[in-house]
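Let me begin by presenting the structure, written as structure tokens, before commenting on it.
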Amino acid sequence: MTDSQKSPLPPGSTIGMLGGGQLGRMAALSAAALGYKVHVFSPENDGPAAQVTSLNTVAAYDDWAALESFASAVDIVTYEFENVPSATAAFLAERLPVRPGPNVLHICQNRLREKDFCNSVSVPTTRYAPVESAENLIQVTDDFGLPCILKTAEFGYDGKGQVFISPGDDIAAAWNTMSGGRESVPAIVEGVIDFRMEISVIIARTAGGTSECYVPVENRHKNHILDETHVPAGISAGLAEQAEATARRLAEAMDLQGMLAIEMFVTRDDQILVNEMAPRPHNSGHWTMDACVTSQFEQFIRAAAGLPLGSPDRHSDAVMKNLIGDDVRDWKNILSEPGAKLHLYGKAEARPGRKMGHVNRMSPKT
Ligand code: AMP
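When we follow our numbering, the leftmost residue of the sequence shown carries the number 6, and every step to the right adds one.
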């Protein structure tokens, strides 16, 4: 099949998926409903996605021989995890379509590049500055002022690699906590936002420039991990419009072919500031599985495969609750609750902080 024959990708084709977690699992189930096969490439054996697909490669992201045979076994490649090394994405992109493209991955893998990109297209973010060592941090915080938040620029998630620095704190110690004792790592300091609400918007876009956005939702965190998503976010129609316009501008500017989730802060004076972006389905979009015409996972597959996008309309309001660690023990009670929809990820061990599943509870649309 030539590249032009792959958009739209005909049913029966094989989608290569980098990453084997729960997002890959739910995306693979949606891909199957559209008639595709999914081949998972992940360093992890028997992860959540591998359990629902028959085609699996267990190999490291820099195992070039394994990547070569993966490339020849699949028709397009997408990913459910943005920390895939850029060299891996580039290697695959030389051989077959990778959607979203390596340019999108490159921007979204690094908090500094992400914020630079937003600002280059006039999308406001938190105030920030790059830092790369403890000495450098001492100088930067002198200028920047305290309090601030120090974050690793790469590979951070769920609040990992983040330190809040208050006036009087030991700055070198804060560096060590964030960097795990490493002398030099790419990092960022950010101003502390006194936000009213955290929201996110998920957008899908195809090569032709058609895009569809889900309604902005409110995200509530516990211990830096998403706890609940409330749909829709309790913000004015004007702010919701602004959040969606921000998502469209970012998707357009990066020429997205696929899905982008954008986390934003709504400040007390009603500004919208972008915090983070992920080029894939997102935990804050899990409610769409039971409350929308097209779930985020189906939409993700449609966008990556170059199919017409589905309607993101919601037929219900919803609250999505993550089941973290031992929360999953409640599965029987949840199943006996009328109207609650349980989704489990097939993870054997319920470690603290580990996302084991989620439950969607719907209510009539407001
Ligand atoms: P992140 O990994 O950037 O999504 O950060 C995890 C959580 O920390 C966010 O969801 C916020 O609750 C909080 N947070 C991150 N950055 C800031 C900031 N600049 N100001 C205030 N809170 C923040």
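Where is the CB? At the ideal position from N, CA and C, for every residue including glycine.
Inset, instruction - Return the chain-ordered list of same chain residues with a C-beta closer than 8 Å to the C-beta of residue 345, the five sequence neighbours on each side being excluded. - result: Counted from its first residue, the sequence shown places residue 345 at position 340. Counting only Cβ-Cβ distances below 8 Å, and skipping sequence neighbours, we find 339, 364, 365 and 366.
Inset, instruction - Just the C-alpha distance for residue 226 and residue 261, rounded to the nearest angstrom, thanks. - result: In the sequence shown, residue 226 corresponds to position 221, counting from 1. In the sequence shown, residue 261 corresponds to position 256, counting from 1. When rounded, the distance between both Cα atoms is 28 Å.
Inset, instruction - Count the other CB atoms, across all protein chains shown, that sit within 10 Å of the CB of residue 27; report buried if there are 16 or more and exposed otherwise. - result: By 1-based counting over the sequence shown, the position of residue 27 is 22. Of the other Cβ atoms in all chains shown, 16 or more fall within 10 Å of the Cβ of residue 27; this residue is therefore buried.
Inset, instruction - Compute the distance between the beta-carbons of residue 191 and residue 171, then report whether it is under 7 Å. - result: Within the sequence shown, numbered from 1, the residue matching residue 191 stands at position 186. Within the sequence shown, numbered from 1, the residue matching residue 171 stands at position 166. Cβ distance not < 7 Å, so residue 191 and residue 171 don't count as in contact.
Inset, instruction - Just the C-alpha distance for residue 301 and residue 292, rounded to the nearest angstrom, thanks. - result: In the sequence shown, residue 301 corresponds to position 296, counting from 1. In the sequence shown, residue 292 corresponds to position 287, counting from 1. Approximately 9 Å, taken between the alpha carbons.
Inset, instruction - Look at the alpha carbon of residue 156 and the alpha carbon of residue 68, and state the distance between them as a whole number of angstroms. - result: As a first step, residue 156 is located in the sequence shown; it is residue number 151 there, counting from the start. As a first step, residue 68 is located in the sequence shown; it is residue number 63 there, counting from the start. Whole-angstrom Cα-Cα distance: 30 Å.
Inset, instruction - Between the Cα of residue 232 and those of 355, 211, 288 and 274, spot the shortest distance and give me the residue it belongs to. - result: To locate residue 232, count along the sequence shown from 1; it is residue 227. Residue 288 is the option with its Cα nearest to residue 232.
Legend entry - Nearest residue (CA-CA) to residue 114, options 8, 159 and 128: By one-based count along the sequence shown, residue 114 stands at place 109. Scanning 8, 159 and 128 for the CA closest to the CA of residue 114 turns up 159.
Inset, instruction - For residue 64, I'd like the list of residues in its chain whose CB is within less than 6 Å of its CB, leaving aside the five on either flank, ordered along the chain. - result: As a first step, residue 64 is located in the sequence shown; it is residue number 59 there, counting from the start. Within the same chain, Cβ atoms closer than 6 Å to the Cβ of residue 64 are found at 71, the five residues on either side in sequence being excluded.
Legend entry - residue 24 beta carbon less than 7 Å from that of residue 44: Residue mapping note: residue 44 aligns to position 39 of the sequence shown, counting from 1. Residue mapping note: residue 24 aligns to position 19 of the sequence shown, counting from 1. No, these two residues do not count as a Cβ contact at 7 Å.
Inset, instruction - For residue 6, name the three-state secondary structure that DSSP assigns. - result: For the purposes of this step, residue 6 is taken as residue 1 along the sequence shown, with counting starting at 1. Coil.
Inset, instruction - Determine the DSSP secondary structure at residue 370, reduced to helix, strand or coil. - result: Position 365 of the sequence shown, counting from 1, holds the residue named residue 370. Note: residue 370 maps to coil in three-state DSSP.
Inset, instruction - Return yes when at least one heavy atom of ligand 1 lies under 6 Å from the C-beta of residue 257, else no. - result: Here the question's residue 257 lines up with position 252 in the sequence shown. Answer for residue 257: no, Cβ out of range of ligand 1.
Inset, instruction - Compare the Cα-Cα distances from residue 110 to each of 297, 278, 265 and 273 and report the closest residue. - result: By 1-based counting over the sequence shown, the position of residue 110 is 105. Comparing Cα-Cα distances from residue 110 to each of 297, 278, 265 and 273, the minimum goes to 265.
Legend entry - Given residue 81 as reference, the closest of 18, 52 and 35 once Cα atoms are compared: As a first step, residue 81 is located in the sequence shown; it is residue number 76 there, counting from the start. Comparing Cα positions, the closest option is 18.
Inset, instruction - Answer with buried or exposed for residue 295, where buried requires no fewer than 16 other C-beta atoms within 10 angstroms of its C-beta. - result: Within the sequence shown, numbered from 1, the residue matching residue 295 stands at position 290. Answer is buried; the Cβ neighbour count reaches 16.
Legend entry - Contacting residues, own chain, Cβ-Cβ under 6 Å from residue 368 (five flanking each side not counted): In the sequence shown, residue 368 corresponds to position 363, counting from 1. 322, listed in sequence order.
Legend entry - Any non-hydrogen atom of ligand 2 closer than 6 Å to residue 280 Cβ: Here the bound small molecules are ligand 1; ligand 2 is not part of this structure.
Legend entry - residue 79 beta carbon near ligand 1 (any heavy atom closer than 6 Å): Position 74 of the sequence shown, counted from the first residue, corresponds to residue 79. Answer for residue 79: no, Cβ out of range of ligand 1.
Legend entry - Residue from 126, 218, 127 and 66 with nearest C-alpha to residue 97: By 1-based counting over the sequence shown, the position of residue 97 is 92. Measuring from the Cα of residue 97, the nearest candidate turns out to be 66.
Legend entry - Proximity test, residue 154 beta-carbon vs ligand 1 heavy atom, cut-off 6 Å: The residue you call residue 154 lines up with position 149 of the sequence shown. When distances are taken from the beta-carbon of residue 154 to the heavy atoms of ligand 1, the shortest one is below 6 Å.
Legend entry - Buried or exposed (CB count within 10 angstroms, at least 16 for buried), residue 307: Against the sequence shown, residue 307 aligns to sequence position 302. Burial state of residue 307 is buried, judged by a 10 Å Cβ sphere holding 16 or more other Cβ atoms.
Legend entry - Counted within 10 angstroms of its Cβ, other Cβ atoms place residue 87 as buried (16 or more) or exposed: Counting from one through the sequence shown, the residue named residue 87 turns up at place 82. Buried: at least 16 other Cβ atoms inside 10 Å.
Inset, instruction - Indicate whether residue 242 and residue 222 have their beta-carbon atoms separated by less than 7 Å. - result: As a first step, residue 242 is located in the sequence shown; it is residue number 237 there, counting from the start. As a first step, residue 222 is located in the sequence shown; it is residue number 217 there, counting from the start. Not a contact, by the Cβ cut-off of 7 Å.
Inset, instruction - List the DSSP bridge partners of residue 217. - result: Indexing the sequence shown from 1 puts residue 217 at position 212. Residue 217 pairs with 209.
Legend entry - Whole-angstrom distance between residue 258 and residue 127, CA atom to CA atom: As a first step, residue 127 is located in the sequence shown; it is residue number 122 there, counting from the start. As a first step, residue 258 is located in the sequence shown; it is residue number 253 there, counting from the start. Their backbone Cα atoms lie some 11 Å apart in a straight line.
Inset, instruction - Please report how far the alpha carbon of residue 145 lies from the alpha carbon of residue 275, in whole angstroms. - result: For this step, residue 145 is matched to residue 140 along the sequence shown. For this step, residue 275 is matched to residue 270 along the sequence shown. In a straight line, the C-alpha of residue 145 is about 28 Å away from that of residue 275.
Legend entry - Length of the line joining the Cα atoms of residue 324 and residue 16: Residue numbering aside, residue 324 sits at position 319 when the sequence shown is read from its first letter. Residue numbering aside, residue 16 sits at position 11 when the sequence shown is read from its first letter. Computed Cα separation, rounded: 33 Å.
Inset, instruction - Compute the beta-carbon to beta-carbon distance between residue 53 and residue 352, rounded to the nearest angstrom, for a pair I have assumed lies under 8 Å. - result: Your numbering for residue 53 matches position 48 in the sequence shown. Your numbering for residue 352 matches position 347 in the sequence shown. That pair is a contact at about 6 Å.
Inset, instruction - Let me know the beta strand (DSSP E) ranges lying completely inside the stretch 300-344, each 3 residues or longer, listed in chain order. - result: 321-329
Inset, instruction - Locate the beta strand (DSSP E) running through residue 232, then write down its first and last residues. - result: Your numbering for residue 232 matches position 227 in the sequence shown. Segment 230-236, the beta strand (DSSP E) holding residue 232.
Legend entry - Completely contained alpha helix (DSSP H) runs for the stretch 42-121, where each covers 4 or more residues: 69-78, 91-98 and 107-113
Legend entry - heavy atom of ligand 1 below 6 Å from residue 206 C-beta: Position 201 of the sequence shown, counted from the start, is the residue given in the question as residue 206. It does not: the Cβ of residue 206 is nowhere closer than 6 Å to a heavy atom of ligand 1.
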